[in-house]
Amino acid sequence: MKITFMLFYYDPENPTINYLYRPLWDKLIKAGHEINIITPNPTRGIPLSEQEKYKKTSVEKKGAFTIHRVKCYTYHPSRFSKFKLLRRYISVSRRLAKKLRKVESDVVFVSSNPPLLYSYLVTRYCARKKIPVIYNVQDIYPDNIFKENSFAYKVFNPLQVKSLARASEVVTISETMRKTLLKKGDFNNKISVIYNFDISEVRKTPLVKKYTFFDPLQFNVVYAGNIGYVQDIDVILSAAKLLVHEPRIHIHIVGEGSQAARIAKRIHDENIVNATYYPPHSVEDSAQLYKNADVNVISILPGIIKTALPLKTASCLAAQKPIIFIGLETFYHNEEWVNEISELYPINYRNYEKVAETIEKLANAKTKPKLKYDQIELFDKEKNVNEYFNLITKYLKEE
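Below is the structure:
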């Protein structure tokens, strides 16, 4: 049987989200199924000379994979603007959905990125052709961009509602996000919660005594992940400025995204000497960052937790190090697992003074906590891959 995955990013871009899907693809192929990938021409992190290879729409066959690359609107990185990014989103959404019409599919799998129009067009086509479609909601739009009483929200939210209504199955990644989706309609019978697992395999990564980036005499605070509009890195830097009197403490900011250049510039311009920005690491190398940190930081803007759960959460848990989670304010109501983590420090509402106070307290503790809590079942890789597999294959069995 043929399962079609609609992906915003694919090789050679090597996005982190595909680390979630690869074990699923392997399991589907071992079960005798074929995988179609429909994806736009790659641009993210790809040199312009390399992008030239993918200028034309093409089809590649690699074993059980058939990759359909679709030429979409592309802009020069130096000419980035929000308008050009929007044009890219619209182009990808329309052209990939159009390509789907020509690709034989028994089940279609679509994610929530790019936002709104993509899932709307894909689910509309699948509903017309009566093709089962799995909608993987990793982020909830427009809730994570606009306020509910705004004009833009009222315009875009119906697209999300339509996508949810047409989908055969909806998978989201936290109980809190499920609650947010249920406010949009009676979709309880089709929404499953499957938490993202530790894609970095941190638990299997050995602890390196002399890690290249870290001074072992310092207390190393690590934020490693996306640096975009919904991540709150500024609150970490504001906390760093309050800690300059503590030369032992150093803040490491590692990652890429729309705000990375601005964050690096702020560190330089404001002479935040106890903070350093680094380009993104590979998923594999990020495991060393999480494992060798003295404390890991997860940081998102207020309210975002209702619409997304950072992919790095499971990796930070697997590292067995204290976690400062900025923006966790509404999470306790629906997420019982949070209370199982003895060294998880929630910080609400961009409170950089509290962030600085927590870091200083951890740095000055006479003994570092030795965390050996059991792996939380919700984040178990094998279990969660099996849940995705079963959701997809139950529609194949009905054929």
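Everything in the sequence shown is counted per my numbering, starting at 1396 for the first residue and increasing by one.
Positions of the beta carbon are idealized from the N, C-alpha and C atoms, including for glycine.
Item to check | Per-residue burial, V1701 [other beta carbons within 10 Å of its own, 16 or more giving buried] | outcome: The displayed chain sequence assigns Lys, not Val, to residue 1701. Classification for K1701: buried.
Checklist entry - Thinking C-beta only, is Y1740 closer than 9 Å to I1771? => result no
Item to check | Beta-carbon contacts of S1710 that lie in its chain and below 6 Å, excluding the five residues immediately before and after | outcome: D1593, S1595, V1597, Y1685
Checklist entry - Are there 16 or more other CB atoms within 10 angstroms of the CB of R1523, so buried, or fewer, so exposed? => result Exposed, because fewer than 16 other Cβ atoms sit within 10 Å of the Cβ of R1523.
Checklist entry - In chain order, what residues of the same chain have a beta carbon less than 7 Å from the beta carbon of N1779, not counting five sequence neighbours either side? => result Apart from the 5 residues on each side of it in sequence, N1779 sits with its Cβ closer than 7 Å to the Cβ of I1589, Y1590, F1592 in its chain, given in chain order.
Next on the checklist: Distance check for Y1520 and T1461, CA to CA, integer angstroms please.
Outcome noted: 20 Å
Checklist entry - Between E1755, A1703, N1743, I1432, which lies nearest to K1456 when the distance is taken from Cα to Cα? => result I1432
Next on the checklist: So, with DSSP's three-state summary, where would you put M1396?
Outcome noted: coil
Checklist entry - Taking all protein chains shown into account, do 16 or more other C-beta atoms lie within 10 angstroms of the C-beta of G1722, making it buried, or fewer, making it exposed? => result G1722 counts as buried, since at least 16 other C-beta atoms from the protein chains shown sit within 10 angstroms of its C-beta.
Checklist entry - Which ranges would you report for the beta strand (DSSP E) in the region 1625-1700 if only whole runs of at least 3 residues count? => result 1644-1649, 1670-1673, 1690-1694
Checklist entry - Does the Cβ of G1550 have 16 or more other Cβ atoms within 10 Å, making it buried, or fewer, making it exposed? => result Note that residue 1550 is Val in the sequence shown, not Gly. Answer is exposed; the Cβ neighbour count stays below 16.
Checklist entry - Closest to R1496 by CA distance: which of Y1470, L1512, H1463, F1478 is it? => result H1463
Item to check | Neighbourhood of V1503 by C-beta distance below 6 Å, restricted to the same chain and skipping five residues each side | outcome: T1399, C1521, I1526, V1528
Next on the checklist: Let me see if you follow: with CB-CB separation under 9 Å, is K1707 close to chain B or not?
Outcome noted: Among the chains of the structure shown, chain B does not appear; only one protein chain is present.
Checklist entry - So, are the CB atoms of L1704 and I1568 less than 9 Å apart? => result Yes, these two residues count as a Cβ contact at 9 Å.
Item to check | Inter-residue spacing [alpha-carbon to alpha-carbon] between I1441 and P1407 | outcome: 8 Å
Item to check | Outcome for L1638 when other beta-carbon atoms lying within 10 angstroms are tallied against a minimum of 16 | outcome: L1638 is buried by the Cβ-count criterion.
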